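Visitor: Numbering (my numbering), first residue to last: 1228 to 1343.
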């Protein structure tokens, strides 16, 4: 894991963080979350409990990801996005804005399907 110089990182219990993960300053990670190789968690991001962040995913600065979300391989969550509870963002997708609970985001657009 690579930590940025400024730290101030809060990591809960029971997390699994693989090698080559970058956590920038002021990041908060809940409990029982998995962050896989090559992922980047940007400054000020807030990650909930039981979240899976796949290989090469980018969570940009000041994002909020609620509990029980899945972020696919090489997906990108753009700055200041708010991802609701139990959301799946598919591989390679760029997610932005506010995504409601129980949504499935399938492509590089702001379109999402709710009640997955």
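Glycine included, C-beta positions come from ideal geometry on N, C-alpha and C.
These numbers were taken from a predicted model, which means no experiment stands behind them.
#1: Quick one: measure Cβ to Cβ for residue 1333 and residue 1321, integer angstroms, because I've assumed they're closer than 8 Å.
#2: Look at the alpha carbon of residue 1323 and the alpha carbon of residue 1302, and state the distance between them as a whole number of angstroms.
#3: Express the C-alpha separation of residue 1330 and residue 1296 in angstroms, rounding to a whole number.
#4: One question on the structure: do residue 1307 and residue 1280 come within less than 8 Å of each other, judged by their Cβ atoms?
#5: How would you call residue 1237, buried or exposed, if buried means at least 16 neighbouring beta carbons within 10 angstroms?
#6: Just confirm the distance between the C-beta atoms of residue 1286 and residue 1268, as a whole number of angstroms; I'd bet it's less than 8 Å.
#7: Per DSSP, what are the beta-bridge partners of residue 1308 in this structure?
#8: Is residue 1266 buried or exposed, if buried means 16 or more other CB atoms sit within 10 Å of its CB?
#9: Considering only C-alpha positions, which residue in the set 1314, 1319 and 1235 is nearest to residue 1277?
#10: Check residue 1325 in the structure and name its three-state DSSP category.
#11: Nearest by alpha-carbon distance to residue 1292: which of 1244, 1255, 1249 and 1243 is it?
Guide: Looking at the atomic coordinates:
#1: Here residue 1333 is actually not in contact with residue 1321; their C-beta atoms are around 11 Å apart, not less than 8 Å.
#2: A direct Cα-to-Cα measurement between residue 1323 and residue 1302 gives close to 11 Å.
#3: Near 10 Å, if we compare the C-alpha coordinates of residue 1330 and residue 1296.
#4: One thing to note: residue 1307 has its Cβ no nearer than 8 Å to the Cβ of residue 1280.
#5: Exposed is the call here.
#6: 5 Å between Cβ atoms; contact.
#7: Beta-bridge pairing links residue 1308 to no other residue.
#8: By the neighbour-count rule (16 or more Cβ atoms within 10 Å), residue 1266 is buried.
#9: Per the Cα distances, 1314.
#10: Here residue 1325 carries a strand assignment [DSSP, helix/strand/coil].
#11: When C-alpha distances from residue 1292 are compared across 1244, 1255, 1249 and 1243, the shortest belongs to 1255.
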